[in-house]
Every structure is written in C-alpha cells, then in structure tokens.
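K.L.:
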Amino acid sequence: MLTSCSAFWLRANLFCFAEGNFGMRLQFFIFLALMIPQAVHAGDNSLAVSTKSQVDEMGGVTVFLTLKNTGSRPLFEIHPMFHFHHTNSMMAMIPKLEPGKTVILENNEHPPVVRVGRYPLVVMVHYKNHMEQSVPFTALHTDSFYYREPVISAIEGKVESVVESRGSFLKVLLQNNSSAFKNVRMMLLLPPGVIAEKFKGMMGFTLQAGESKYFEVPVQRTSESRDGSYTVHLMFEYGEKLKHYTGDIRGKIQFGSVLDSATLGLHAAVIAVMSLGLYLVYRRKWKRAINT
C-alpha cells in the first residue's frame, strides 16, 4: 500500500502529466517503476500470527493462537507448531482459510511453570498459497509470557549477517549489563532452508558481570531456500535468584536479490511502459516541430 506522502506525490505527477510537462512526465514513469513493485512485494506475507497467554496461580499456561488470512486468496494446509520451554506441541492442520477470515486456537499443553519470571514462546506455522505448492511457506512468531512477575533481562545484544559467495555467517554480540554472572542458554531460530551445522539445539556459556561476548555462526542454504529478506531470532534464557529470564534478539539475513522474480518481471513491464511513454512524448514533440 502506498503511503500518504507517496499518494500525494502521485496525484501531483498525474496533474503535471496531464498538463504536458515533459520533465514531470519522466518523473511520473520513474515513480511507477519504483513504487508499484514495492506495493506488490509487500503483500507476500499473507498469514498474520499472534498469541495471547494466560497463566493461573498454579503455573498452568493457556495460549490462544490467532491466525488471520490477510491476503486476497485462500490459504491451504495451515499447520501450527508450538515450541514451548524445552518441549514441542503440534496442533491439528487447518485445511483451508479464506481471505479475511480468522481462526483462534487454544493450547494448554505447556508444562506448568514453577519459577517466577518470564518464559519464551515460539510458534511456527506452515501453509500453502495453492494445493499444488510443493514446499510450504513458513510464518515464524515469537513471544513471551510471565508468571507472577514481569522480570526484565539484563542481557542485551545484536545479530548481524554477512552473505557472501564463499560462505555466509551471523555475527552475534551479547552484553551482560548486570553486576552478577549469568549462565546463558541460547537457541537460534533460522528461516526455512537455512541451517547452522555448528549451532543446533540449545547452546550455552557463562557471561561474567559486565562482560560482552562476540561469536560467529556459519550458515548454509539448502535446496528448499527462497531468495528474500528473513528475520533471525536468537532466543536466550537464564535463571537467577529463583527467577527465570528470557529474551529475543532479532536480526536480518538477505539471500539473493532484494526483488524476487515476480517483482523483477513487473519492473521490466513498467520500464517497457515507461519507454513507450517517452517514445510517444518525443514523437508528439517531433510532429509539432515539423508542423511549425
């Protein structure tokens, strides 16, 4: 969807285009070439995922998962999976979800929590845009909930990526901002089709008071990976003074061109229209010059 600023600029260019200003005509075609593919590309993620959690006094956890089809066509074989605190929970597959429709699922299979504090919640949903699609799309959603006290983690950090032909890797930096050491356990959540052979499952180390730690994680693409920009999650947790803490450090990794093949094709079509428009403008000016 175009922003209000872009829409205003579009209306201004339409006016100048109608008035015959050649320079503004050129800007108008360039505007179409840049803005239309962005609007199309922004509509790729058609499944919205959200969660709401409730924890009772005994530590029992109930999670409500909301799935909404925000696209213009049906979604098929929607299969959610929860990754709870050291356990997984598969839910029944939803055969079809019509455009604009919402479904709410309830899950109470999270093990009862004992320690006061905050706990991680990860949902991975596979779905298809059409029944013949061989490799499903994956929507990844992260969240957290707390038991009795909404504690805040003292660990911060960042995740950056480097993608090269000879090898890609993630650059991870963690910082302990407290005056006490932390025994940190980590889990790396990667996009579909990307694997990290040296970072599987849970990994951990000790961060001393005020210490920062930097490390790199090599990643590889598989045959099922798609070009595009993906979010990478580094989930971490630790315990301190009978309380549980968790956090989610996010980064981005880009594979292939920023534009996918469909967007590139639309770019080519817009450029062809732009070329035709420029040709017609020059032809009209040339005829006027001859007639005068």
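For the sequence shown, the numbering used here assigns the number 11 to the initial residue and increments by one for each residue that follows. Think of the CB as a built atom: it goes at the ideal place given N, C-alpha and C, for glycine as much as any other residue. In this text, all values refer to a predicted model and were calculated from it rather than measured experimentally.
1. When you compare the CB positions of Asp258 and Thr112, do they come within less than 8 Å of one another, or not?
2. Taking 6 Å as the limit between beta carbons, can you name the residues of its chain near Phe246, skipping five residues before and five after?
3. Taking 8 Å as the limit between beta carbons, can you name the residues of its chain near Leu252, skipping five residues before and five after?
4. In the DSSP assignment, what residue or residues form a beta bridge with Gly249?
5. Where does the unbroken beta strand (DSSP E) through Phe179 begin, and where does it stop?
6. Nearest-angstrom Cα distance between Met134 and Phe147?
7. Roughly how many angstroms lie between the CA atoms of Glu170 and Arg176, to the nearest whole one?
8. Would you kindly work out how many angstroms separate the C-alpha atoms of Glu116 and Met212, rounded to a whole number?
9. Tell me which same chain residues have a C-beta within less than 6 Å of the C-beta of Gln64, skipping the five on either side of it?
10. Indicate whether His93 and His136 have their beta-carbon atoms separated by less than 8 Å.
11. Using CA atoms only, rank isn't needed, just tell me which of Ser178, Glu234, Ser188 and Ala149 is closest to Lys208.
12. For Leu286, which residues from the same chain have a beta carbon less than 7 Å from its beta carbon, with the 5 sequence-adjacent residues on both sides left out?
13. On the three-state DSSP scale, how would you describe Ala58?
14. In this structure, does DSSP put Ser285 in helix, strand or coil?
15. May I ask you to report which of helix, strand or coil DSSP gives Ile40?
16. Mapping DSSP to helix, strand and coil, what is Leu290?
17. For Ser82, which residues does DSSP report across the bridge?
18. State buried or exposed for Pro130, treating a residue as buried only when at least 16 other CB atoms are found within 10 Å of its CB.
19. Given that a residue counts as buried once 16 or more other Cβ atoms are within 10 Å of its Cβ, and exposed if not, what is His140?
20. Any beta carbon from chain B within less than 8 Å of Val71's own beta carbon?
21. Buried or exposed, going by whether 16 or more other CB atoms sit within 10 Å of the CB of Phe74?
22. Taking Arg236 as the reference, which of Ile300, Ser144, Phe225 and Ser222 has the closest Cα?
23. Start and end of the beta strand (DSSP E) containing Gly214?
24. Between the alpha carbons of Met103 and Leu57, how many angstroms are there, rounded?
25. Here's the rule: buried if 16 or more other CB atoms are within 10 angstroms of the residue's CB, otherwise exposed. What is Pro105?
26. Decide if Phe215 is buried, meaning its Cβ has at least 16 other Cβ atoms within 10 Å, or exposed.
27. Would DSSP call Lys304 helix, strand or coil?
P.N.:
According to the data block:
1. For the purposes of this step, residue 258 is identified with residue 248 of the sequence shown, where counting begins at 1. For the purposes of this step, residue 112 is identified with residue 102 of the sequence shown, where counting begins at 1. A distance of 8 Å or more separates the beta carbons of Asp258 and Thr112.
2. For the purposes of this step, residue 246 is taken as the residue at position 236 of the sequence shown. Taken in chain order, the residues that qualify are Val194, Met196 and Gly257.
3. Here the question's residue 252 lines up with position 242 in the sequence shown. Arg125 and Val126.
4. Counted from its first residue, the sequence shown places residue 249 at position 239. BP columns for Gly249 point to His254.
5. Position 169 of the sequence shown, counting from 1, holds the residue named residue 179. For Phe179, the uninterrupted beta strand (DSSP E) run begins and ends at Ser178 to Asn186, by DSSP.
6. Taking the first residue of the sequence shown as 1, we reach residue 134 at position 124. Taking the first residue of the sequence shown as 1, we reach residue 147 at position 137. Straight across, the Cα-Cα distance linking Met134 with Phe147 is about 10 Å.
7. What you label residue 170 is simply residue 160 of the sequence shown in a count that begins at 1. What you label residue 176 is simply residue 166 of the sequence shown in a count that begins at 1. Straight-line Cα distance between these residues: approximately 17 Å.
8. The sequence position of residue 116 within the sequence shown is 106, counting from 1. The sequence position of residue 212 within the sequence shown is 202, counting from 1. Spanning the alpha carbons of Glu116 and Met212 requires a straight line of approximately 27 Å.
9. Here residue 64 corresponds to residue number 54 of the sequence shown, with the count starting at 1. For Gln64, where only same-chain residues beyond five positions count, the Cβ hits under 6 Å are Thr72.
10. Against the sequence shown, residue 93 aligns to sequence position 83. Against the sequence shown, residue 136 aligns to sequence position 126. At the C-beta level, His93 and His136 stay beyond 8 Å of one another.
11. Counted from its first residue, the sequence shown places residue 208 at position 198. Of the candidates Ser178, Glu234, Ser188 and Ala149, the residue whose Cα lies closest to the Cα of Lys208 is Ser178.
12. Mapped onto the sequence shown, residue 286 falls at position 276. Around Leu286: no qualifying Cβ.
13. By one-based count along the sequence shown, residue 58 stands at place 48. Residue state, collapsed to three classes: strand.
14. Sequence index remark: in the sequence shown, residue 285 carries index 275 (1-based). The answer is helix: DSSP assigns Ser285 an H, G or I state.
15. Counting from 1 along the sequence shown, the entry for residue 40 is found at position 30. Residue placement at Ile40 is flagged as unreliable, the pLDDT there being 47, under the threshold of 50; the coordinate-derived value follows with that caveat. In the structure shown, Ile40 falls within a helical segment according to DSSP collapsed to helix, strand and coil.
16. Along the sequence shown, read from residue 1 onward, the residue named residue 290 stands at position 280. Leu290 falls in the helix class under three-state DSSP.
17. Here the question's residue 82 lines up with position 72 in the sequence shown. Paired residues: none, contrary to the question.
18. On the sequence shown, residue 130 is found 120 positions in, with the first residue counted as 1. Around the beta carbon of Pro130, 16 or more other beta carbons lie within 10 angstroms, which makes this residue buried.
19. For the purposes of this step, residue 140 is taken as residue 130 along the sequence shown, with counting starting at 1. Classified as exposed, His140 has fewer than 16 neighbouring CB atoms from the shown chains inside 10 Å of its CB.
20. In the displayed structure, chain B is absent; only one protein chain is listed.
21. The residue labelled residue 74 in the question sits at position 64 within the sequence shown. That one is exposed.
22. Taking the first residue of the sequence shown as position 1, residue 236 is located at position 226. By alpha-carbon distance to Arg236, the top candidate from Ile300, Ser144, Phe225 and Ser222 is Ser144.
23. As a first step, residue 214 must be located in the sequence shown, where it is residue number 204. Gly214 -> beta strand (DSSP E) spans Met212 to Leu217.
24. Counting from 1 along the sequence shown, the entry for residue 103 is found at position 93. Counting from 1 along the sequence shown, the entry for residue 57 is found at position 47. A straight line joining the alpha-carbon of Met103 with that of Leu57 spans about 15 Å.
25. As a working mapping, residue 105 is identified with position 95 in the sequence shown. Exposed, by the Cβ-count rule.
26. Here residue 215 corresponds to residue number 205 of the sequence shown, with the count starting at 1. Phe215 should be labelled exposed.
27. Any property of residue 304 remains undetermined from this structure, which presents the chain solely from 11 to 302.
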